[in-house]
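> Submitted below is the structure of interest, expressed as structure tokens.
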Amino acid sequence: MTAPVGGLGAASAVLWDIDGTLLTSGGVAAQAFLRAVEEVVGRRPVLDGLEFGGRIDPEIATLLLASIDHDDSHVPAVLKRLDELVQADLEALHAHTRVLPGVTGVMARLVDAGVPQTVVTGNIRSVARAKLTAGELIPPIDPELGGYGDSGTTRVEVARSSLVAVFGDDWAAHADNCWIIGDTPRDLACAQALGLRCALVASGRTGVDALSGLGADVVLGGLGTTDDVARLWG
Ligand SMILES: [Mg+2]
Numbered sequence: 068m069t070a071p072v073g074g075l076g077a078a079s080a081v082l083w084d085i086d087g088t089l090l091t092s093g094g095v096a097a098q099a100f101l102r103a104v105e106e107v108v109g110r111r112p113v114l115d116g117l118e119f120g121g122r123i124d125p126e127i128a129t130l131l132l133a134s135i136d137h138d139d140s141h142v143p144a145v146l147k148r149l150d151e152l153v154q155a156d157l158e159a160l161h162a163h164t165r166v167l168p169g170v171t172g173v174m175a176r177l178v179d180a181g182v183p184q185t186v187v188t189g190n191i192r193s194v195a196r197a198k199l200t201a202g203e204l205i206p207p208i209d210p211e212l213g214g215y216g217d218s219g220t221t222r223v224e225v226a227r228s229s230l231v232a233v234f235g236d237d238w239a240a241h242a243d244n245c246w247i248i249g250d251t252p253r254d255l256a257c258a259q260a261l262g263l264r265c266a267l268v269a270s271g272r273t274g275v276d277a278l279s280g281l282g283a284d285v286v287l288g289g290l291g292t293t294d295d296v297a298r299l300w301g
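Numbering-wise (my numbering), the sequence shown opens with residue 68 and increments by one.
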């Protein structure tokens, strides 16, 4: 393994995942997703055996529809309804959204270091913005530079759209010092596919053991402990 170029303090940019990394929203958006599917096709999705961590919203909609024998032709209608349901109950989102421990401290250090920060998330743009607003994370997050579930058909495409927004068409020249911070193996796979660095934080549903040994630059229990943050900062 090559020696790291430097820690997060020397990053060219930081692309944060939202759910399980920056914040949790208490299942408000997840419940809206199930309701959206039910309203569009008239049947409640079956969740048995499905896992969604790190997937983008169009993929989740496809899986939910498939669980009740519907094809992906309904995906656009489901995502539209999801947006409407979330926007119609922003109060619930605000009441249930919690920024995870240590996040604002790391963000403040990045601001002091002059590092641009945005999001790479599976959430569609409007829902991502509602969550970030509920968490009072805009700024330091610049949502205009982000990649969203409706910015591409895969997480890699979503991230690439953010890289173009942050760095322009020569983004690859900045990739080896650009970090993705996420909470699932899919965040890491996305970073690896684009030559980005990656920190995985076990603040979501996946524990440190399951995140270790996959090739991330850093694996942390959370952002709330001084030792972990020191390792991340490098
Ligand atoms: Mg996540």
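C-beta: ideal position from N, C-alpha, C; glycine also.
Is residue 292 buried or exposed, if buried means 16 or more other CB atoms sit within 10 Å of its CB?
The residue is exposed, with fewer than 16 neighbouring Cβ atoms inside 10 Å.
> Mind listing, in chain order, the residues whose beta carbon lies closer than 7 Å to a non-hydrogen atom of ligand 1?
This criterion selects 84, 85, 86, 87, 88, 120, 121, 249, 250, 251, 254 and 271.
> Helix, strand or coil for residue 150? Go by DSSP, reduced to three states.
Helix at residue 150.
> If you drop the 5 nearest sequence neighbours on each side, which residues of the same chain put their C-beta closer than 7 Å to that of residue 215?
Around residue 215: 188, 190, 191, 192, 195 and 225.
> Considering Cα atoms alone, identify which of 279, 288, 259 and 247 is closest to residue 266.
The residue with the shortest Cα to Cα distance from residue 266 is 247.
> Could you tell me the distance, in whole angstroms, from the CA atom of residue 253 to the CA atom of residue 268?
The straight-line gap from Cα to Cα measures roughly 13 Å.
> Closer than 8 Å is the cut-off here; do at least three beta carbon pairs connect the segment 165 to 177 with the segment 218 to 233?
Contact between the segment 165 to 177 and the segment 218 to 233 is absent, because fewer than three Cβ pairs lie under 8 Å.
> With 16 as the cutoff for other CB atoms within 10 Å, does residue 297 come out buried or exposed?
Residue 297 is exposed by the Cβ-count criterion.
> Since residue 167 and residue 263 should fall inside the 8 Å C-beta cutoff, what is the C-beta to C-beta distance between them, to a whole number of angstroms?
Residue 167 to residue 263, Cβ: 21 Å. No contact.
> Pull up the distance between the alpha-carbon of residue 249 and that of residue 85, whole angstroms please.
Cα to Cα, residue 249 sits roughly 8 Å from residue 85.
> For residue 250, which three-state DSSP category applies?
Coil.
> Among the residues of its own chain, which have a CB less than 6 Å from the CB of residue 122, if the five just before and after it don't count?
Answer for residue 122: 189, listed in chain order.
> In three-state DSSP terms, what is residue 113?
Reduced to three states, the DSSP call for residue 113 is coil.
> In the structure shown, what three-state DSSP assignment does residue 82 receive?
In the structure shown, residue 82 sits in a strand (DSSP, three-state: E or B).
> Please report how far the alpha carbon of residue 107 lies from the alpha carbon of residue 136, in whole angstroms.
Residue 107 and residue 136: Cα-Cα distance of roughly 13 Å.
> To the nearest angstrom, report how far apart residue 149 and residue 82 are at their CA atoms.
Cα-Cα distance, rounded: 24 Å.
> Expressed to the nearest angstrom, what Euclidean distance is found between the alpha-carbon atoms of residue 287 and residue 229?
Cα to Cα, residue 287 sits roughly 24 Å from residue 229.
> Can you tell me whether residue 69 is buried or exposed? The criterion is at least 16 other CB atoms within 10 Å of its CB, across all chains shown.
Its pLDDT being 42, under 50, residue 69 is placed unreliably in this model, and the value from its coordinates should be taken loosely. Its Cβ having fewer than 16 others within 10 Å, residue 69 is exposed.
> Helix, strand or coil: which one does DSSP assign to residue 182?
Coil at residue 182, not helix or strand.
> How about residue 113 and residue 128: are their beta carbons less than 8 Å apart?
The answer is no: Cβ separation not under 8 Å.
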